[in-house]
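So the number in the numbering used here is just where the residue sits in the sequence shown, counting from 1, plus 40. Notes follow the structure.
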Amino acid sequence: MRIHNLLCLAVCLSGTSLSAAPKNAAARQVRFLALGELPPFQQEIRDNVRYELEPPAGSIPPREIVLGFGGKTSEPTPLRLGRISAPLKAPAGSGPLVLVRRDAAENAEPWLSLTRPETGDFLVLLWRDAKQGTWEKVRSLVIPDDAVNAPAGSVRYVNVSPVTVGIVIGAEKLILEAGKWFARTVAVRVEQSFEVLLTDTTGSLKRLHSGVVLQNPGERSLVLDYHADGVGQRRPLKVSVQREQAPQAPVRK
Numbered sequence: 041m042r043i044h045n046l047l048c049l050a051v052c053l054s055g056t057s058l059s060a061a062p063k064n065a066a067a068r069q070v071r072f073l074a075l076g077e078l079p080p081f082q083q084e085i086r087d088n089v090r091y092e093l094e095p096p097a098g099s100i101p102p103r104e105i106v107l108g109f110g111g112k113t114s115e116p117t118p119l120r121l122g123r124i125s126a127p128l129k130a131p132a133g134s135g136p137l138v139l140v141r142r143d144a145a146e147n148a149e150p151w152l153s154l155t156r157p158e159t160g161d162f163l164v165l166l167w168r169d170a171k172q173g174t175w176e177k178v179r180s181l182v183i184p185d186d187a188v189n190a191p192a193g194s195v196r197y198v199n200v201s202p203v204t205v206g207i208v209i210g211a212e213k214l215i216l217e218a219g220k221w222f223a224r225t226v227a228v229r230v231e232q233s234f235e236v237l238l239t240d241t242t243g244s245l246k247r248l249h250s251g252v253v254l255q256n257p258g259e260r261s262l263v264l265d266y267h268a269d270g271v272g273q274r275r276p277l278k279v280s281v282q283r284e285q286a287p288q289a290p291v292r293k
């Protein structure tokens, strides 16, 4: 009942409802990707048996979340660091998207509230606030995820770190601000080398990461720069490359 009331309230505040969406609107999907580092493994011995301890509060994202799109909720959805979640159906049109912890207390606020894009499949990137240092305070970035905006052969470079980085792709040199992204195309089975640069304390750009994107037919990739939020990290940022099968473009009738 609590989740239902929260989501109904979100609809009222936004002025958007599911009934406002066109009946013939194509179904679309939303996925989630939480970025960050796991806390150090901890265990204790009880009666000569080793037991893994639960991670400290706020050190990992919620294990399961429930989504709301303005009056309807999803089944509980697992969240795992570094793994893109299974797709969930999303209604057409702009409107509220509310994430609630499955194990949240009765009167708890939503874990995250944002506005879904008007059209297309979308991916929600999640990370803990760098200043707060806890998953209780979550940040997010929504990017298109459909076959039109992210087709096979595409590579999306996304910066969810708190600082601006430099990106070198072959002879191309770009600046990628925090919370921004861009896309490039790579031919099938052709290696595309890239570098991520970061300004050091002297103001000079230093290489933080070098890698290669290589895709098979029908694949696409994500290159993600994010804050290294683990314990004892030697570098301030980390880079993750996610390669996957791209969705097929809709057939025009």
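We treat Cβ as the ideally placed atom computed from N, Cα and C, and that holds for glycine.
Secondary structure of I85 (DSSP, three-state): strand. Boundaries cannot be given for W151, as no beta strand (DSSP E) includes it and DSSP labels it neither H nor E. Here DSSP, grouped into helix, strand and coil, assigns Q288 to coil.
When the beta-carbon positions are compared, V195 and V253 come within less than 8 Å of each other. Along the length of the segment 100-144, whole beta strand (DSSP E) runs at least 3 residues long occupy 104-108, 128-130 and 135-141, reported in chain order. Assigned with DSSP and collapsed to three states, A74 falls in strand.
Annotation: the continuous beta strand (DSSP E) that includes D265 extends over E259 to H267. Excluding sequence positions up to five before and after S99, its CB lies within less than 6 Å of the CB of P79, all in the same chain and listed in chain order. In the three-state scheme derived from DSSP, where H, G and I count as helix and E and B as strand, Q255 is classed as coil. For Q285, the CB contacts under 7 Å within the same chain, skipping 5 residues up- and downstream, are G258 and E259 in chain order. Going by DSSP, K213 is part of the beta strand (DSSP E) stretching over E212 to L216.
DSSP places Q273 in the coil class of the three-state scheme, outside both helix and strand.
For L165, the enclosing beta strand (DSSP E) has its first and last residue at F162 to R168.
Between H249 and L264, the alpha-carbon positions lie close to 11 Å from each other.
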